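Residue numbers (the numbering used here): 449 to 667.
Following: one structure in structure tokens, then a few remarks.
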């Protein structure tokens with residue numbers, strides 16, 4: 449049965465353990481069907497564009513010492529900084545190798561806060577695996593995806609990477625590799641969707657103020 453939440457009547461809710469034939473994380477209460485649809489669309493668009501897709505899952509946190517004006521500005525600045533690094537890196541690769549794989553930056557994120565002074569983001573990047581095949585080294589590398597992410601969050605908070613103090617958390621089993629020719633039937637796709645369905649839960653999200661609790665790329 450689909451229900452709606454009084455905090456946001458635009459959201460349709462499901463308590464089921466499957467959505468559209470895919471297993472979902474429903475252990476912490478209802479999920480927003482609208483969000484599940486958005487996650488599915490982001491993955492579908494990426495697989496339409498690329499034969500191999502990398503999905504990377506991580507958290508962005510606000511260090512205790514960091515000042516921030518608004519969460520929405522911080523996440524916007526994060527993606528702006530990340531896109532700038534990709535553009536710069538693409539030019540470097542083109543200059544060095546005379547070829548560069550196209551890579552549209554697609555993403556899903558949610559903002560949550562429960563029992564803590566500051567909120568945190570759960571984020572998933574959805575990329576062309578031919579451009580980045582893995583996260584790479586978390587430190588000591590200028591060109592790894594992990595370092596791109598850390599630099600982008602530091603830039604968003606106007607900090608040096610050394611000041612992040614755990615501001616970027618790469619979760620266990622952070623990467624999923626999807627193949628277009630296997631589609632939704634693959635274990636990797638189903639595992640990735642299950643992992644991202646966590647973003648659709650209502651628990652720990654706040655409505656009724658100016659903060660967005662969920663967003664994704666539209667391209």
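All C-beta atoms, glycine included, are put in the ideal place defined by N, C-alpha and C.
Quick caveat: nothing in here was measured; it's all calculated off a predicted structure.
Under the 8 Å Cβ criterion, the region 475-482 does not count as touching the region 588-600, having fewer than three qualifying pairs. In this structure, residue 609 places its C-beta atom within 8 Å of the C-beta atom of residue 602. Our two residues, residue 654 and residue 560, have alpha carbons roughly 7 Å apart in a direct line. Taking 8 Å as the cut-off, the beta carbon of residue 502 is found closer than this to the beta carbon of residue 623.
Each of 500, 552, 535, 498 was checked against the Cα of residue 667, and the nearest Cα belongs to 552. Around the beta carbon of residue 613, fewer than 16 other beta carbons sit within 10 angstroms, so the residue counts as exposed. Residue 493 holds the alpha-carbon nearest to the alpha-carbon of residue 556 among 493, 541, 547, 620.
In this structure residue 664 is in contact with residue 487, their Cβ atoms being roughly 7 Å apart against a cut-off of 8 Å.
Within the region 582-615, the complete alpha helix (DSSP H) segments at least 4 residues long are 593-605, listed from N- to C-terminus. By the neighbour-count definition (other C-beta atoms within 10 Å, threshold 16), residue 641 is a buried residue. Residue 573 and residue 661 have their C-alpha atoms roughly 17 Å apart.
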